[in-house]
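A.B. asks: Let me begin by handing over the structure; questions about it come next.
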Amino acid sequence: MKFAIAVFSPGHAPSSRRALLFAQAALAGGHEIVRLFFYQDGVHSASGNIVTPQDEFDVPAHWRAFVTEHALDAVVCIAAALRRGVLNEEEAARYQRNAVNLPAPWDLSGLGQLHEAAQTADRLVCFGGD
Amino acid sequence: MSTLHVISHSPFGDNRLSSCLCLLGPNDGLLLCGDAVYALQPGSEPLKTLQAHNLEQRLFALAEDLQARAINSDAVNAVDYPAFVALSLHYDKVNSWL
Amino acid sequence: MAKSLLIISRQAPWAGPSAREALDIALAGGAFDLPLGMLFLDDGVFQLAPGQQPGQVQQKNLAANLQALPMFGVEELFAAGSSLQERGLPADSLSLPVKVLDDAALAALIERFDQVVTL
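Protein chains in written order, with the numbering used here: chain A, 1 to 130; chain B, 1001 to 1098; chain C, 2001 to 2119.
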């Protein structure tokens, strides 16, 4: 079956980790993830500037490794990301900001990508809050 | 079409669980995860409310969250992540209360 | 056939970008001509209160975007009667033409849609 998974919480929220473990279990179960979409505070889950203490589970790093390993389509909502200071190189240059914190493997794009994924998938599963 | 409702907020000081119970359909399931598993705390008001709804086989909780919080409840079906994935497919859609 | 999506908005309007971002999901989907519905539930019904002046807290008015919903093809608009009643908002005073539903009708509404997002 095909899943679209949307993440609405930052990496330090338990629900971001829960989304990651759900996504891993879905792939392990032989299912497909058509797209990961990061919206609202979920854009922070994709930030490359998170420094997690060494003895703690680094959720954003695990997201990055997971997306890279499985070559997943992972989209960060551009409007939500700009508002929260999550920028790739192109946007940082456009708005003349110093910090780039959204390196590959993420794509910045619009909410249409969430709808497209929901249309393609058998299930849309969202994670957010606590 | 049946819905799996997913709640992750503590029922104390938050109305997601009570709102969800108001509009839960007869074929819908409820999965508690994160702090929402505090609703299963023995002797608590939310547990009484849940029990009054007779969800029985339609009430689930993420096992890791029960264990992390030392909540022992026989009122709920504890599930791991593979079972969470299976539940999301068993029901026609998933409604997470973000 | 395109899958229908019900967006349940539970957030009060001026507590941060959440209510606007829920609305943006609806507007984006409407632009793609998708079958969408929007339900205002819990504190989300405060988005429909008349006479609000968000400029006083330097926020953009959500009402203009809400009123754009039908123009974007989002014509199925609902509010939870119990949420309105609990908050003392008369159903006939709302700033948007919504269908007010009781709890049983809410369950039927959710059942009818292919997908649901609550935020």
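No residue lacks a Cβ here, since even glycine has one placed at the ideal position from N, Cα and C.
Since this is a predicted model, take the numbers as computed values, not measurements.
Can you tell me which of A:ALA26, A:MET1, A:ALA46 and A:LEU27 puts its alpha carbon nearest to the alpha carbon of VAL7 of chain A?
C.D. replies: For this step, residue 7 of chain A is matched to residue 7 along the first sequence. Cα-wise, what sits closest to VAL7 of chain A is A:ALA46.
A.B. asks: Give every residue of the same chain whose Cβ lies closer than 7 Å to the Cβ of GLN113 of chain A, excluding the five residues on either side of it in the sequence, and list them in chain order.
C.D. replies: Here residue 113 of chain A refers to the residue found at position 113 of the first sequence. Closer than 7 Å at Cβ, skipping near neighbours: ARG35, PHE37 and VAL75.
A.B. asks: Who are the near neighbours of HIS44 of chain A in its chain, counting only those whose CB is closer than 7 Å to its CB and skipping five residues on each side?
C.D. replies: Residue numbering aside, residue 44 of chain A sits at position 44 when the first sequence is read from its first letter. Excluding sequence neighbours, HIS44 of chain A sits near PRO10, GLY11, ARG84 and VAL86.
A.B. asks: With DSSP as the reference, label SER109 of chain A as helix, strand or coil.
C.D. replies: On the first sequence, residue 109 of chain A is found 109 positions in, with the first residue counted as 1. The answer is strand: DSSP assigns SER109 of chain A an E or B state.
A.B. asks: On the CB-based measure, 16 or more other CB atoms within 10 Å of its CB, does PHE2113 of chain C come out buried or exposed?
C.D. replies: Translated into the one-based positions of the third sequence, residue 2113 of chain C becomes position 113. Flag for PHE2113 of chain C reads buried.
A.B. asks: Taking Cβ-Cβ distances below 9 Å as the criterion, which residues of the segment 2002–2016 of chain C are in contact with chain B?
C.D. replies: LEU2006, ILE2008 and ARG2010
A.B. asks: Using DSSP's beta-bridge definition, name the partner residues of ALA132 of chain A.
C.D. replies: In the structure as shown, chain A starts at 1 and stops at 130, and residue 132 of chain A therefore has no counterpart that could be examined.
A.B. asks: Taking Cβ to Cβ, would you say ILE2025 of chain C is nearer than 9 Å to VAL2117 of chain C?
C.D. replies: The residue given as residue 2025 of chain C occupies position 25 in the third sequence. The residue given as residue 2117 of chain C occupies position 117 in the third sequence. Closer than 9 Å, so yes.
A.B. asks: Is there a Cβ of chain A sitting closer than 9 Å to that of ASP1035 of chain B, yes or no?
C.D. replies: Within the second sequence, the letter at position 35 stands for residue 1035 of chain B. True, the Cβ-Cβ gap to chain A drops below 9 Å.
A.B. asks: At a Cβ threshold of 9 Å, is PRO14 of chain A touching chain B?
C.D. replies: Looking up residue 14 of chain A in the first sequence gives position 14. Yes, PRO14 of chain A lies at the interface with chain B (some Cβ there is under 9 Å from its Cβ).
A.B. asks: At the 9 Å Cβ level, is LYS1093 of chain B part of the contact set with chain A, yes or no?
C.D. replies: As a first step, residue 1093 of chain B must be located in the second sequence, where it is residue number 93. Closer than 9 Å: yes.
A.B. asks: Would LEU2096 of chain C pass as a contact of ALA2064 of chain C if the rule is Cβ separation under 9 Å?
C.D. replies: Position 96 of the third sequence, counted from the start, is the residue given in the question as residue 2096 of chain C. Position 64 of the third sequence, counted from the start, is the residue given in the question as residue 2064 of chain C. Not closer than 9 Å, so no.
A.B. asks: For the candidate residues B:VAL1079, B:GLU1045, B:ASN1027 and B:LEU1004, whose alpha-carbon lies nearest to that of GLY1013 of chain B?
C.D. replies: By one-based count along the second sequence, residue 1013 of chain B stands at place 13. By alpha-carbon distance to GLY1013 of chain B, the top candidate from B:VAL1079, B:GLU1045, B:ASN1027 and B:LEU1004 is B:GLU1045.
A.B. asks: How many Å lie between GLU90 of chain A and PRO53 of chain A at the Cα?
C.D. replies: The count along the first sequence starts at 1 and reaches residue 90 of chain A at position 90. The count along the first sequence starts at 1 and reaches residue 53 of chain A at position 53. Using only the alpha carbons, I get a separation of about 29 Å.
A.B. asks: I need the DSSP call for GLY42 of chain A, collapsed to helix, strand or coil.
C.D. replies: To locate residue 42 of chain A, count along the first sequence from 1; it is residue 42. Residue state, collapsed to three classes: helix.
A.B. asks: Ignoring anything shorter than 3 residues or poking outside the segment 1034–1063 of chain B, list the beta strand (DSSP E) runs there in chain order.
C.D. replies: 1059–1062
A.B. asks: Under 9 Å between C-beta atoms, does HIS31 of chain A make it to chain B?
C.D. replies: Walking along the first sequence from the start, residue 31 of chain A turns up at place 31. Interface residue, yes.
A.B. asks: What are the partner residues of GLN2115 of chain C, as DSSP defines its beta bridges?
C.D. replies: Start at 1 with the first residue of the third sequence, and residue 2115 of chain C comes out as number 115. Answer is C:LEU2005.
A.B. asks: Where GLY29 of chain A and LEU1021 of chain B are concerned, what is the direct C-alpha to C-alpha distance, given to the nearest angstrom?
C.D. replies: For the purposes of this step, residue 29 of chain A is taken as residue 29 along the first sequence, with counting starting at 1. For the purposes of this step, residue 1021 of chain B is taken as residue 21 along the second sequence, with counting starting at 1. Distance between the alpha carbons of GLY29 of chain A and LEU1021 of chain B is about 31 Å.
A.B. asks: In chain order, what residues of the segment 29–61 of chain A put their CB closer than 8 Å to some CB of chain C?
C.D. replies: TYR39 and GLN40
A.B. asks: Taking only beta-carbon atoms, is CYS135 of chain A less than 9 Å away from chain B?
C.D. replies: For residue 135 of chain A there is no data in the structure shown, the boundaries of chain A being 1 and 130.
A.B. asks: Report yes if the CB atom of GLY1034 of chain B is closer than 9 Å to the CB atom of ARG18 of chain A, and no otherwise.
C.D. replies: In the second sequence, counting from the first residue as 1, residue 1034 of chain B sits at position 34. In the first sequence, counting from the first residue as 1, residue 18 of chain A sits at position 18. Contact: yes.
A.B. asks: May I have the straight-line CA-CA distance separating GLU32 of chain A from GLN2058 of chain C, to the nearest angstrom?
C.D. replies: Position 32 of the first sequence holds residue 32 of chain A. Position 58 of the third sequence holds residue 2058 of chain C. Between GLU32 of chain A and GLN2058 of chain C, the C-alpha separation is close to 44 Å.
A.B. asks: In or out: THR1003 of chain B buried (at least 16 other Cβ within 10 Å) or exposed?
C.D. replies: As a working note, residue 1003 of chain B is residue 3 in the second sequence. Classification for THR1003 of chain B: buried.
A.B. asks: Should GLY42 of chain A go down as buried or exposed, given a rule of 16 or more other Cβ atoms within 10 Å for buried?
C.D. replies: Here residue 42 of chain A corresponds to residue number 42 of the first sequence, with the count starting at 1. The residue is buried, with at least 16 neighbouring Cβ atoms inside 10 Å.
A.B. asks: For the segment 2068–2080 of chain C against the segment 2030–2041 of chain C, are there 3 or more C-beta pairs whose distance is under 8 Å?
C.D. replies: yes
A.B. asks: Any C-beta of chain C sitting closer than 9 Å to the C-beta of PHE8 of chain A?
C.D. replies: In the first sequence, counting from the first residue as 1, residue 8 of chain A sits at position 8. Answer yes: the Cβ-Cβ gap between PHE8 of chain A and chain C drops below 9 Å somewhere.
A.B. asks: Using beta carbons (cut-off 9 Å, strictly below), is ALA80 of chain A in contact with chain B?
C.D. replies: Translated into positions along the first sequence, residue 80 of chain A becomes position 80. It does not: the Cβ of ALA80 of chain A has no partner Cβ on chain B nearer than 9 Å.
A.B. asks: Please identify the residue among B:LEU1040, B:ALA1061 and B:ALA1063 whose C-alpha is closest to the C-alpha of ALA1052 of chain B.
C.D. replies: Indexing the second sequence from 1 puts residue 1052 of chain B at position 52. It is B:LEU1040.
A.B. asks: Would you call PHE57 of chain A buried or exposed, if buried means 16 or more other Cβ atoms sit within 10 Å of its Cβ?
C.D. replies: If you number the first sequence from 1, residue 57 of chain A lands on position 57. Answer is exposed; the Cβ neighbour count stays below 16.
A.B. asks: Where does HIS62 of chain A sit, in a helix, a strand or coil, going by DSSP?
C.D. replies: Position 62 of the first sequence, counting from 1, holds the residue named residue 62 of chain A. In the three-state reduction of the DSSP assignment, HIS62 of chain A falls in the helix class.
A.B. asks: Report the CB separation of VAL1079 of chain B from LEU1062 of chain B in whole angstroms; it is logged as a contact under 8 Å.
C.D. replies: Within the second sequence, residue 1079 of chain B is the residue found at index 79, counting from 1. Within the second sequence, residue 1062 of chain B is the residue found at index 62, counting from 1. Going by Cβ atoms, the distance from VAL1079 of chain B to LEU1062 of chain B rounds to 6 Å, so yes, they are a contact pair.
A.B. asks: Under 8 Å by Cβ, that's how I've got VAL2100 of chain C and ALA2079 of chain C pegged, so tell me the actual separation to the nearest angstrom.
C.D. replies: Here residue 2100 of chain C refers to the residue found at position 100 of the third sequence. Here residue 2079 of chain C refers to the residue found at position 79 of the third sequence. The pair is a contact, with the Cβ atoms about 5 Å apart (cut-off 8 Å).
A.B. asks: In the DSSP assignment, find the alpha helix (DSSP H) that holds HIS1090 of chain B and state where it starts and stops.
C.D. replies: Here residue 1090 of chain B refers to the residue found at position 90 of the second sequence. Its alpha helix (DSSP H) spans residues 1081–1090.
A.B. asks: In the structure shown, what three-state DSSP assignment does PHE2078 of chain C receive?
C.D. replies: For the purposes of this step, residue 2078 of chain C is taken as residue 78 along the third sequence, with counting starting at 1. Note: PHE2078 of chain C maps to strand in three-state DSSP.
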